[in-house]
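Single-structure report; data block below.
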Amino acid sequence: MRQMSGHDVTSARLVVLEDGEAVARKMAQWLLDQALAKKDGPFVVALSGGSTPKRLFKIMAEPAYAAQFPWRRTQIFFGDDRHVPFTHEDSNFRMTSEILIDQVDLPPENVHPIPADGTPEHDAALYQAALVDVYGSHHLIPGRPLFDVVMLGMGPDGHTASLFPRQPILQEREKWVAACTPDNAPHDRVSLTYTAIHSSRAVVFLIEGAGKAEMLARVRAGDASLPSSHITSEGEVVFLTDKAAAGDLANG
29 MRQMSGHDVT SARLVVLEDG EAVARKMAQW LLDQALAKKD GPFVVALSGG STPKRLFKIM
89 AEPAYAAQFP WRRTQIFFGD DRHVPFTHED SNFRMTSEIL IDQVDLPPEN VHPIPADGTP
149 EHDAALYQAA LVDVYGSHHL IPGRPLFDVV MLGMGPDGHT ASLFPRQPIL QEREKWVAAC
209 TPDNAPHDRV SLTYTAIHSS RAVVFLIEGA GKAEMLARVR AGDASLPSSH ITSEGEVVFL
269 TDKAAAGDLA NG
């Protein structure tokens, strides 16, 4: 996954692998390469929830892998989470903690869960403040990305992170983090906005399963009705998929 500039979903590179396990292992190796190559400042990554990231996190927690990763100069953020207590079974942070964070030599101060003690709007503002603290500026500077890597998935309605269809968060251009109440999914959410996601060296969609094939094709074609279609990055956008999700795109 070489670095490129000015990518959106229609010009993104499609990397097709055999199955979900291969997708997770490819992402794990690429993340390690990126983290080791980053020499100036912390390696800042936004993680996502879901079945493919769960596989990925298990690989990253394997002793042989974990021993190579520069955890102490890595800052872990989350692309979104449900606005539930950290102990809740639907919490992305809980899943990531159990499988990865608690298993590796990651300093607690380098881990930044999305707060869930106040209102979603209040906690979104707190999370933006945490990002500002690591970034060192209240304003995003072109050419100086907020994130090295943003990991994303894609839902059956074309949402990504918690950028759901028909929600005000899709029009947010000033805030880096905002609250969202989906029409057809449980729990309020707090999510990175398009603005924050764009400020990245790379955005990687992890997508698997035949059930995602039609939606992926629509996003790749730039269907403007789908939130995932509006994802951009200062660096590159990559779709890392298995053969089932790629469908006919694998032959294109």
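Using the numbering used here, read the sequence shown as starting at 29 and increasing by one per residue.
Note that CB positions come from ideal geometry on N, CA and C, so glycine has one too.
Predicted model, so just to flag it, every value in this text is computed and none were measured.
Classification of residue i by the beta-carbon crowding that lies within 10 angstroms, buried from 16 upward
i: Q103; result: buried
i: D176; result: buried
i: N120; result: buried
i: L64; result: exposed
i: P255; result: buried
i: I169; result: exposed
Proximity winner among the options, relative to residue i (alpha-carbon distances)
i: K240; options: M123, A153, T188, K54; result: T188
i: A245; options: K271, D276, V266; result: D276
i: A74; options: R172, S253, R248, P141; result: P141
i: S39; options: S261, A56, L198; result: S261
i: P214; options: V139, D251, F192; result: F192
i: E236; options: L60, P135, P81; result: P81
i: D161; options: G146, V139, G171, M179; result: V139
i: A238; options: R41, A272, L180; result: A272
i: I197; options: F105, V178, G183, T221; result: T221
i: I87; options: P70, L59, F106, A63; result: L59
i: H226; options: A50, L234, Q57, V265; result: V265
i: R122; options: Q57, L159, G78; result: G78
i: A274; options: F106, V51, P70; result: V51
i: G186; options: S253, D151, Y163, P170; result: S253
i: V132; options: A92, Q199, M55; result: A92
i: K203; options: Q96, D145, A157; result: A157
Close beta carbons around residue i, own chain, < 6 Å, minus the five adjacent residues each side
i: P148; result: H111, A207, D216, V218
i: R201; result: T223
i: S190; result: D108, C208, R217, S219
i: S33; result: Interpretation of S33 is limited by its pLDDT of 41, a score under 50 that renders its predicted location unreliable; no figure is taken from the coordinates.
CA-to-CA distance, residue j to residue i, given in whole angstroms
i: Q195; j: P210; result: 7 Å
i: N212; j: D68; result: 42 Å
i: M29; j: T115; result: Summary for M29: the model assigns pLDDT 41, below 50, so the residue's position carries little reliability; its value from the coordinates is reported in the next sentence. Rounded to the nearest angstrom, the two C-alpha atoms are 35 Å apart.
i: L45; j: D270; result: 5 Å
i: F85; j: D130; result: 11 Å
i: E117; j: R41; result: 34 Å
i: S165; j: P98; result: 24 Å
i: S286; j: L234; result: Because the chain in this structure spans residues 29 to 280, residue 286 falls outside the shown range and cannot be described.
i: P173; j: R229; result: 6 Å
i: A89; j: I127; result: 7 Å
i: L159; j: G183; result: 25 Å
Contacting residues, own chain, Cβ-Cβ under 7 Å from residue i (five flanking each side not counted)
i: Y155; result: I142, P143, V205, V218
i: A284; result: As shown, the chain starts at 29 and ends at 280. That puts residue 284 outside it, with no answer to give.
Proximal residues to residue i (C-beta, below 8 Å), its chain only, five neighbours per side dropped
i: A249; result: T38
i: P135; result: W99, R100
i: Q31; result: Residue confidence for Q31 is low, a pLDDT of 39 falling below 50, so the modelled location carries little weight; the figure read from the coordinates is stated next. These residues qualify, in order along the chain: R229, A230, G263, E264.
Entirely enclosed alpha helix (DSSP H) segments - the segment 175-259, minimum 4 residues: 222-226, 241-248
Residue ranges of each beta strand (DSSP E) within the segment 68-101, 3 or longer: Taken in chain order, the complete beta strand (DSSP E) segments of 3 residues or longer contained in the segment 68-101 are 71-75.
Segments of 4+ residues assigned as alpha helix (DSSP H) that fall wholly inside the segment 126-165: 148-163
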